[in-house]
């Protein structure tokens, strides 16, 4: 029982990262119809930015938790206006290739300056130690990550469903064509939504820095699974992305714990789930079926 509870908690913590990253990907794809392959690179930049701020400027974790998402969000808005906006009228493959190339550039720039070795990031003293849950102790920092991610997802859900601006953004994200038909200028929301999605990736990176090794390839190792999460939840579905993120975190943790004797199965279980979902519901668990042309 104790082992199952620990594995479940570990799965929820992993799912918190998936949920934050998938949420950003979902809003970007929903509004721009852009598959942002550079999302993992911005996640990496969030972690590296926090590391550089701490080691070279003495900026603590709590300040980096605000500075990096805002800074990367503004960078994302500038990138959307300068480059991505110019390609949105073309085949989506062009923007996919653009963001893929951007990923390689960002990774190589970080490698050139800091090398390929992993760099440690100290856990904030306020969040050191562990919390006793009766059956087991769990690191305080991981408890913080889970609580913070859940609160953030709930806050985003509240804004999107309970405010006028949020309802417009959600409608433009999930049904952009129908939203335009009602006379709403979807274009004015594109740039800030893209920046918001990038900011979420940066925020997830800062949260990951004390828990995972900070290195130039940390985003590349994660983004493939996050894409699978978005597909499972439903492309463009905000709720689906968050739900699938936590669900896949649990599936991965249980698979690694109870299928360790079958390493191939435990390593590919996410993609097995994705294939099964697509066979059952091609639009994903919470996605909408596209009308035939």
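Numbering (the numbering used here), first residue to last: 41 to 333.
We put the CB at the ideal spot given by N, CA and C, even for glycine.
- In this structure, does DSSP put residue 54 in helix, strand or coil? Helix.
- Query: Hey, residue 170 and residue 254: beta-carbon distance below 8 Å or not?
  - Reply: Not a contact, by the Cβ cut-off of 8 Å.
- In the DSSP assignment, what residue or residues form a beta bridge with residue 313? BP columns for residue 313 are empty, so no partner.
- Task: Report the three-state DSSP secondary structure of residue 148 (helix, strand or coil).
- Result: In the structure shown, residue 148 sits in a helix (DSSP, three-state: H, G or I).
- Message: Can you tell me where the alpha helix (DSSP H) holding residue 267 begins and where it ends?
- Response: It spans 258-273 - the alpha helix (DSSP H) in which residue 267 sits, taken as one unbroken run.
- Continuous alpha helix (DSSP H) assignments of at least 4 residues falling wholly in the segment 178-261: Fully enclosed alpha helix (DSSP H) runs of no fewer than 4 residues occupy 180-202, 204-214, 216-221 and 227-248 of the segment 178-261, in order along the chain.
- Task: Could you check which residue in 150, 115 and 264 has the C-alpha nearest to that of residue 61?
- Result: Looking at 150, 115 and 264, the one whose alpha-carbon comes closest to that of residue 61 is 264.
- Item | Selection from 93, 298 and 78 that minimises the alpha carbon distance to residue 249 | Of the listed residues, the one whose Cα sits closest to residue 249 is 93.
- Per DSSP, which residues does residue 172 bridge with? Please list them. Bridge partners of residue 172: 177.
- Around the Cβ of residue 69, are there at least 16 other Cβ atoms within 10 angstroms (buried) or fewer (exposed)? It counts as buried.
- Message: For a test of the three-state rule: what should DSSP assign to residue 300, helix, strand or coil?
- Response: Correct three-state label for residue 300: coil.
- So is residue 298 buried or exposed if we call it buried at 16+ other beta carbons inside 10 Å? Answer is exposed; the Cβ neighbour count stays below 16.
- Assigned exposure category for residue 76 - 16 Cβ within 10 Å defines buried: Residue burial annotation: residue 76 is buried, with at least 16 other C-beta atoms found within 10 angstroms of its C-beta.
- Query: In chain order, what residues of the same chain lie with their CB nearer than 8 Å to the CB of residue 242, ignoring the 5 residues before and after it?
  - Reply: Setting aside the 5 residues that flank it on each side, residue 242 is surrounded in the same chain by 82, 83, 85, 86, 89, 108, 109, 111, 112 and 113, each with a C-beta closer than 8 Å to its C-beta; the list follows chain order.
- Message: Less than 8 Å between the C-beta atoms of residue 288 and residue 269, yes or no?
- Response: Against a cut-off of 8 Å, the Cβ pair of residue 269 and residue 288 comes out as a contact.
- Task: Report the residue ranges of all beta strand (DSSP E) runs contained in full by the segment 105-169; include only those spanning at least 3 residues, in chain order.
- Result: Those beta strand (DSSP E) runs which fall completely within the segment 105-169 and span 3+ residues do not exist here.
- Check whether the Cβ atoms of residue 150 and residue 322 lie closer than 8 Å to each other. No, the pair does not count as a contact, with Cβ atoms beyond the cut-off.
- Just the C-alpha distance for residue 141 and residue 318, rounded to the nearest angstrom, thanks. One Cα belongs to residue 141, the other to residue 318, and the distance between them is close to 28 Å.
- In whole angstroms, what separates the C-alpha of residue 333 from that of residue 129? With a pLDDT of 41 at residue 333, under the threshold of 50, the modelled position of this residue cannot be trusted; read the value that follows with caution. One C-alpha to the other measures close to 18 Å.
- Under the rule that 16 or more other beta-carbon atoms within 10 Å means buried, what is residue 117, buried or exposed? Buried is the label assigned to residue 117, since at least 16 other Cβ atoms lie within 10 Å of its Cβ.
- Message: For the structure I just gave you, are there three or more beta carbon pairs, one from the segment 44-57 and one from the segment 277-296, closer than 8 Å?
- Response: Yes: the two stretches touch, three or more of their Cβ pairs being nearer than 8 Å.
- Message: Here's the rule: buried if 16 or more other CB atoms are within 10 angstroms of the residue's CB, otherwise exposed. What is residue 227?
- Response: Label assigned to residue 227: exposed.
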